[in-house]
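See structure below.
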Amino acid sequence: MSAQMRKKVQRKLKIRGYGLKIDALEEILSFVDRFQDAEDEAIDLLLDQLEHESLSSSIIDKESVHRVISLLLEAEAATEEGGASCSSHSAIRVIDSFLVPKFHYDPIKKHFYQHTGSLPMHGEASAKAELYKDRFLLLFQRVCRDGHFSTSAFNAQTSEFGSCEICTIQSLIGQPGRRWVMGVISQLEDGHFYLEDLSASVEIDLSKAKITTGFFTENTIVLAEGQMLIDGIFQVITCGFPPLEDRNKSFKLLAGHDFFGGGDLTKEETLRLADLEKRAVNDMFVILSDIWLDNEETMGKLEIVLNGFESLEVVPSLFVFMGNFCSHPFNLSFHSFSSLRLQFGKLGQMIAAHPRLKDHSRFLFIPGPEDAGPSTALPRCALPKYLTEELQKYIPNAIFSSNPCRIKFYTQEIVFFRQDLLYRMRRSCLISPSTEETEDPFEHLVATIIHQSHLCPLPLMVQPIIWNYDHSLHLYPTPHTIVLGDKSEQKEFKYTGITCFNPGSFSGDSTFVAYRPRTQKVEFSAL
1 MSAQMRKKVQ RKLKIRGYGL KIDALEEILS FVDRFQDAED EAIDLLLDQL EHESLSSSII
61 DKESVHRVIS LLLEAEAATE EGGASCSSHS AIRVIDSFLV PKFHYDPIKK HFYQHTGSLP
121 MHGEASAKAE LYKDRFLLLF QRVCRDGHFS TSAFNAQTSE FGSCEICTIQ SLIGQPGRRW
181 VMGVISQLED GHFYLEDLSA SVEIDLSKAK ITTGFFTENT IVLAEGQMLI DGIFQVITCG
241 FPPLEDRNKS FKLLAGHDFF GGGDLTKEET LRLADLEKRA VNDMFVILSD IWLDNEETMG
301 KLEIVLNGFE SLEVVPSLFV FMGNFCSHPF NLSFHSFSSL RLQFGKLGQM IAAHPRLKDH
361 SRFLFIPGPE DAGPSTALPR CALPKYLTEE LQKYIPNAIF SSNPCRIKFY TQEIVFFRQD
421 LLYRMRRSCL ISPSTEETED PFEHLVATII HQSHLCPLPL MVQPIIWNYD HSLHLYPTPH
481 TIVLGDKSEQ KEFKYTGITC FNPGSFSGDS TFVAYRPRTQ KVEFSAL
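Next comes the structure, spelled out in structure tokens:
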């Protein structure tokens, strides 16, 4: 088998968001070799069938491939038909947080480069410093392209507002007058807040600051205008988040890098997928958060929801079930694993009792902040296999992914995140949010995470993050849709063209969302 065919198989898998073990690749090449005049169709058919499998990871192993090939060998005549078809199943690619590519920005060469080598779960101390550096440089390179903050190469006249050139914090010493700086808000001493960049840090006074929309917490990166006082404190006059950049502009500058993890597509492939997406008018995602399997009332309500969608002419393409999956938090006093395992089995039986949903819909499970797992640090890995085995007996195509989780629907990028973020962000605020543009806390939350290009810009003491995998929480380039599963009330907010919504708590107030990805329309539902 030629090296060219080997690369082709790896590329097709990458487009669908999968990795591949070496022995699995050899198995696929052996299968494709049977179809000398239809290699592409054979690969596509195999990959389509693999997506129906209950894969425990996005890294495909030899056993999974062998199982699918055994089923396909007696259906050689169907390869062309299977390869040419494009169902909504193959249009949906689920990307686990632990498989998202990692990139670093080089401020000297002014370009991104992909991280090579392993990413251990327990990083060294340098990984923590790298986390903050990567966050800062990601936003800094974006700000440097903004017209208000970029410097003119020919020293052209400044606007009536004066120069907005960003200074390093180190250069503030001995510089009178107002200056713009960019940095991370840090608490280096108890009760004393500082602004840090890559050069130095300076204590700040936010008491007279006029702020923009958003939650200003420790760890957020801000642009601040102010002046140095005699006592060495930087008096902040104006404070805001780094300006946004249009998604298309970001893509043009990324030189083909795949930040999202769905695979780097050629222009022709993007156009073909965009055309298929336009025809996907009937595709619908049903999203529910807080499904307490140990609560009879919740299970009764869930059956009503499934009955309703079973009777539709076109059933939903995808059901997204977000945690928590138990009314009691998983902690050291939790001893109900066997009971929860059986409850997942009962959920599988309930879904299997709806044959149209079982056959034509996919089911994605995302763990909540209080579900079983190795730790509370983000990103959280998928639910333990011990708990989900019973369910998979009834629903073999169920997908168990990380939190957060990404979905590529044709060309559209969707991020799912289950965390009670609103309450924690409000508690961590250093300044009361501005009411000039909005008083809605959810709108402040959305503005914060989009401008920060990060799903959870809280201090690491409030919400631990696995240092080497902080990049999986980045929102750059901005996705099309962000689903923020939160126990607070249902909300939708379209901010700078990005659709953001909270489906509400299904167990708490019987609310959920039907989302139509083709039109990015959010339909609030409740029982």
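Numbering follows the UniProt record's numbering, in which position 15 of the sequence shown is assigned residue number 15; successive positions increment by one, without gaps. Positions of the beta carbon are idealized from the N, C-alpha and C atoms, including for glycine.
- When the Cα atoms are used, residue 436 and residue 213 turn out to be separated by approximately 8 Å.
- Linking residue 390 to residue 513 through their CA atoms gives a straight-line distance of about 27 Å.
- In the structure shown, residue 466 falls within a coil segment according to DSSP collapsed to helix, strand and coil.
- Within the stretch 176-248, there are no complete alpha helix (DSSP H) runs of at least 4 residues.
- For the pair residue 215 and residue 444, the CB atoms are nearer than the 7 Å cut-off.
- Going by beta carbons, residue 242 and residue 143 fall inside the 7 Å limit.
- In this structure, residue 164 places its C-beta atom within 7 Å of the C-beta atom of residue 148.
- When DSSP reads this structure, residue 511 sits in a beta bridge with 526.
- Residue state for residue 70 is assigned as helix, using DSSP reduced to three classes.
- About 6 Å separates the CB atoms of residue 508 and residue 290; that is less than 8 Å, so the two are in contact.
- If you look at residue 421, you'll find it in the alpha helix (DSSP H) that goes 421-427.
- With a beta-carbon spacing of about 16 Å, residue 210 and residue 185 fall beyond the 8 Å limit used to define contacts.
- For residue 126, the uninterrupted alpha helix (DSSP H) run begins and ends at 125-143, by DSSP.
- Secondary structure note for residue 407: its beta strand (DSSP E) is the uninterrupted segment 405-409.
- Residue burial annotation: residue 3 is exposed, with fewer than 16 other C-beta atoms found within 10 angstroms of its C-beta.
- No Cβ-Cβ contact shorter than 7 Å links residue 24 with residue 69.
- The continuous beta strand (DSSP E) containing residue 113 extends over residues 111-114.
- Rounded to the nearest whole angstrom, the CA to CA distance from residue 135 to residue 221 is 8 Å.
- If you draw a straight line from the Cα of residue 274 to the Cα of residue 488, it comes to about 34 Å.
- Secondary structure of residue 475 (DSSP, three-state): coil.
- The alpha-carbon separation between residue 354 and residue 122 amounts to approximately 43 Å.
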